[in-house]
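Heads up: the structure comes next, in structure tokens.
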């Protein structure tokens, strides 16, 4: 069923002219939906199998609250500090692989040379988090930069087009044009994972700050990520037209009336963290027979009842 809905989005996108596509943004509620839509668009544009595969880093959409809790990080994720953390042995800009999360909010990271270090993400707060993936890049592919690179004048969110793949470099041209030609061109070395991803579809989180004439939005009423905040961020990306593609038009108003904010995320992660620590302590068990007590997690408690959400108006076209 999701595939059928995503196919409808792709068909509408493909029917647009090239200038119209440049002013169109596809927004997906989940990373799984984003990947499937990107794959379908590339197949429809006959780009699949025409390029080379490279290691890429795709940003993980974690809230600031989630990034403070070790259980939010899955083994294999890649962390890149935005500042030096000397006590933890982390260097700004270097990449570290998540090895495991331990009780007490401890996160074990592996360096490039195989050595490890342990950090507390509550104290090391300026971390960017990525999934390491392999992506095919073909000439004509549209990609989105997902990390600032002042040395190359690249900003997180920049949309570029693949102009060539030669030897150890990928040549990119900006989607924006001046006098009918790309506004700028650059080359990226491929000896390290590339900070880019296919840009036909983006998650709601990644689309923040982007505005286009036309926005095509994939919303699943059964997804836990579908909420009032997500809906308003997605719908506000459009200057002229927004189309919503959903699995159930009747359930959509209730789904986008749900609230899911950073406080909710903090509560969920706090509960997961406490449960994980308790289970680990029980597994390890004190051999000397001492009583085992789960560690106390200091975190703010909700003192106010959240307001009852108002039923939002239905904007855009629902399909």
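Residue numbers (full-length UniProt numbering): 1 to 319. From the three backbone atoms N, C-alpha and C, an ideal C-beta is built for every residue, glycine too.
Under 8 Å between C-beta atoms of residue i and residue j
{"i": "residue 161", "j": "residue 186", "result": "no"}
{"i": "residue 204", "j": "residue 29", "result": "yes"}
{"i": "residue 9", "j": "residue 230", "result": "no"}
{"i": "residue 172", "j": "residue 163", "result": "yes"}
{"i": "residue 130", "j": "residue 98", "result": "no"}
{"i": "residue 214", "j": "residue 238", "result": "yes"}
{"i": "residue 132", "j": "residue 57", "result": "yes"}
{"i": "residue 226", "j": "residue 258", "result": "yes"}
{"i": "residue 55", "j": "residue 193", "result": "yes"}
{"i": "residue 202", "j": "residue 27", "result": "yes"}
{"i": "residue 83", "j": "residue 15", "result": "no"}
{"i": "residue 155", "j": "residue 148", "result": "yes"}
Residue range of the unbroken beta strand (DSSP E) whose run includes residue i
{"i": "residue 133", "result": "127-137"}
{"i": "residue 243", "result": "238-246"}
{"i": "residue 160", "result": "159-166"}
{"i": "residue 258", "result": "Premise fails: residue 258 is in no beta strand (DSSP E) and is neither H nor E."}
{"i": "residue 338", "result": "This structure leaves residue 338 out entirely; the chain is present only between 1 and 319."}
{"i": "residue 218", "result": "212-219"}
{"i": "residue 53", "result": "52-59"}
{"i": "residue 70", "result": "Looking at the DSSP string, residue 70 is not in any beta strand (DSSP E), and its letter there is neither H nor E."}
{"i": "residue 102", "result": "96-102"}
{"i": "residue 106", "result": "106-110"}
{"i": "residue 144", "result": "142-145"}
{"i": "residue 86", "result": "Careful: residue 86 lies outside any beta strand (DSSP E) and carries neither H nor E."}
Status (buried if at least 16 other CB within 10 Å, exposed otherwise) for residue i
{"i": "residue 211", "result": "exposed"}
{"i": "residue 220", "result": "buried"}
{"i": "residue 19", "result": "exposed"}
{"i": "residue 145", "result": "buried"}
{"i": "residue 77", "result": "buried"}
{"i": "residue 158", "result": "buried"}
{"i": "residue 92", "result": "exposed"}
{"i": "residue 150", "result": "exposed"}
{"i": "residue 36", "result": "buried"}
{"i": "residue 139", "result": "exposed"}
Span of the alpha helix (DSSP H) around residue i
{"i": "residue 194", "result": "Neither: residue 194 is in no alpha helix (DSSP H) and is coded neither H nor E."}
{"i": "residue 12", "result": "2-14"}
{"i": "residue 41", "result": "31-44"}
{"i": "residue 175", "result": "Where residue 175 is concerned, there is no enclosing alpha helix (DSSP H), given that its DSSP letter is neither H nor E."}
{"i": "residue 28", "result": "Per DSSP, residue 28 belongs to no alpha helix (DSSP H); it is in the beta strand (DSSP E), 24-28."}
{"i": "residue 62", "result": "Element bounds for residue 62: n/a, residue is neither H nor E."}
{"i": "residue 185", "result": "Unbroken run through residue 185 is the beta strand (DSSP E), 185-189; no alpha helix (DSSP H)."}
{"i": "residue 234", "result": "228-235"}
Anticipated Cβ contact below 8 Å, residue i with residue j, distance rounded
{"i": "residue 137", "j": "residue 250", "result": "In fact, because the Cβ distance is near 41 Å, the residues do not count as touching under 8 Å."}
{"i": "residue 21", "j": "residue 218", "result": "With 8 Å as the limit, residue 21 and residue 218 do not qualify as a contact, their Cβ atoms being about 17 Å apart."}
{"i": "residue 117", "j": "residue 88", "result": "6 Å"}
{"i": "residue 81", "j": "residue 105", "result": "Actually they do not touch by this definition, with Cβ atoms about 17 Å apart."}
{"i": "residue 70", "j": "residue 101", "result": "4 Å"}
{"i": "residue 165", "j": "residue 188", "result": "That pair is no contact at about 10 Å."}
Inter-residue Cα distance where the pair is residue i and residue j
{"i": "residue 60", "j": "residue 33", "result": "14 Å"}
{"i": "residue 128", "j": "residue 79", "result": "6 Å"}
{"i": "residue 13", "j": "residue 252", "result": "23 Å"}
{"i": "residue 75", "j": "residue 111", "result": "14 Å"}
{"i": "residue 339", "j": "residue 25", "result": "With the chain represented from 1 up to 319, any question about residue 339 goes unanswered, as that position is not in the structure."}
{"i": "residue 135", "j": "residue 95", "result": "19 Å"}
{"i": "residue 175", "j": "residue 196", "result": "14 Å"}
{"i": "residue 236", "j": "residue 113", "result": "45 Å"}
{"i": "residue 11", "j": "residue 119", "result": "46 Å"}
{"i": "residue 48", "j": "residue 247", "result": "28 Å"}
{"i": "residue 67", "j": "residue 179", "result": "43 Å"}
{"i": "residue 7", "j": "residue 63", "result": "30 Å"}
{"i": "residue 228", "j": "residue 3", "result": "24 Å"}
{"i": "residue 17", "j": "residue 209", "result": "24 Å"}
{"i": "residue 245", "j": "residue 167", "result": "41 Å"}
{"i": "residue 31", "j": "residue 206", "result": "10 Å"}
{"i": "residue 90", "j": "residue 103", "result": "21 Å"}
{"i": "residue 45", "j": "residue 233", "result": "28 Å"}
{"i": "residue 107", "j": "residue 224", "result": "26 Å"}
{"i": "residue 39", "j": "residue 255", "result": "27 Å"}
{"i": "residue 23", "j": "residue 242", "result": "12 Å"}
{"i": "residue 222", "j": "residue 43", "result": "27 Å"}
{"i": "residue 85", "j": "residue 177", "result": "40 Å"}
Residue i Cβ short of 7 Å to the ligand GTP heavy atom set
{"i": "residue 170", "result": "Summarising the ligand content, the structure contains no ligands, and the ligand GTP is consequently not present."}
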